[in-house]
Every structure is written in structure tokens, then in C-alpha cells.
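According to the numbering used here, the sequence shown is numbered sequentially starting from 252.
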Amino acid sequence: MEYKNETVSIEGGWPMEHWQWKFESLALIRKTLEALREKKLLGLKCPGCGLVYFMPKPYCRCLSIPDEWVEVKDTGTVTTYTFTGAWAYEGIADEGPAGTPLIIVGIVLDGTDTMTVCTLSDAKPEDVSVGMRIRLQWPENPEGKLEDLAYCVPL
Ligand SMILES: [Zn+2]
């Protein structure tokens, strides 16, 4: 497959409020990423409706500003999933380098109300289901990067 590295322009105006939102989001996410070094997961709780966001967000869907940092668990529930690789389609050979499918799961960590995504290890595609319980698979030495959250395993 050929990948193109090109910039796409979208015409129209961009209200500056969006830039402010972007910078606030980066500051919040930075705090969460730094906590990963200690194998801590920090979510942000909304005072208006109680939703806990992981990753944190500067504004809640109820229009309040989430402002309470809460530690959330590294266990959670699969809410959606998909697989990579042609192996899943009968009659089509898998041309991937490893020859094994990746299982990508959407998960809601215990104590949060929003979904995040990671790769499920130690499981076969036929074993995955919505509602499946998982635990994050921490790297030995987390570096405070999104990659620290890249893998989870069945509970
Ligand atoms: Zn809210």
C-alpha cells in the first residue's frame, strides 16, 4: 500500500475559540500523561453532571468545566472492537508482516464514563465480545506517553 504525505487545505473560517480549546486540552492531557510514569490514571470529573473523562477534556457535554482530578482504575469493559488483517475474510490471504491479527478494542475504564482505545493482547479474535472485562498491560517502565496505554489483556 502506498501512503501519501500531503497537506490538505479546508477553506473557510476557523473561530479562534477552537484554538483556545486545543491548548487547554493539551495542558490537561499533559498532566494525565505525566501521571502514567507512576502507573496512575487521572481522569477529570465534571462538577455539573458527575461524568469522568479519560482522557480529560476542558469542557463537558453539559457545558460545565470539569475541574476535579480523580484516579481511575486500570480495569475496564470492552464497549466495541474490531480486527486488522485479511485473515478475517475467507479466501483472502493475509499479507501482513506478522500474519496475526491485531484486536483493537474500545474500552471504558472503571470509574470513567468515556471510551478510550487500545490493543487487546493474549486473546483470540473469537474470544472478544462487548462486555468483556480487561486490564491495562502496563509497560515495565512507563514513559508518560500514550504508548503506555497501548495494550490491555483479558481479566
Ligand atoms: Zn458535565
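Note that CB positions come from ideal geometry on N, CA and C, so glycine has one too. It should be emphasised that the depicted structure is a prediction, and the values quoted were computed from it without experimental measurement.
| Item | Value |
| --- | --- |
| C369: CB within 7 Å of a non-hydrogen atom of ligand 3 | The model depicted lacks ligand 3 and carries ligand 1 instead. |
| Spatially closest choice to F334 from L353, W320, S380, by CA coordinates | L353 |
| Pairwise C-alpha distance: D364 and I358 | 10 Å |
| Any non-hydrogen atom of ligand 1 within 7 Å of S380 CB | no |
| Beta bridge counterpart(s) of I355 as assigned by DSSP | T333, T370 |
| 8 Å Cβ cutoff met for L360 and L292 | yes |
| Nonlocal neighbours in the same chain, by C-beta distance under 7 Å from Q388, ignoring five residues either side | S372, Y402, C403, V404 |
| Span of the beta strand (DSSP E), counted from its first residue to its last, around W320 | 319 to 323 |
| Backbone CA spacing between G342 and T258 [nearest angstrom] | Low per-residue confidence applies at G342: pLDDT is 49, beneath 50, and the placement is therefore not dependable enough to give any value. |
| Proximity below 8 Å, CB of S315 to CB of G299 | yes |
| Of the listed residues A286, R281, L284, G362, nearest to T328 (C-alpha basis) | G362 |
| Nearest-angstrom Cα separation, counted from V356 out to C369 | 6 Å |
| Heavy atom of ligand 1 within 7 Å of C313 beta-carbon | yes |
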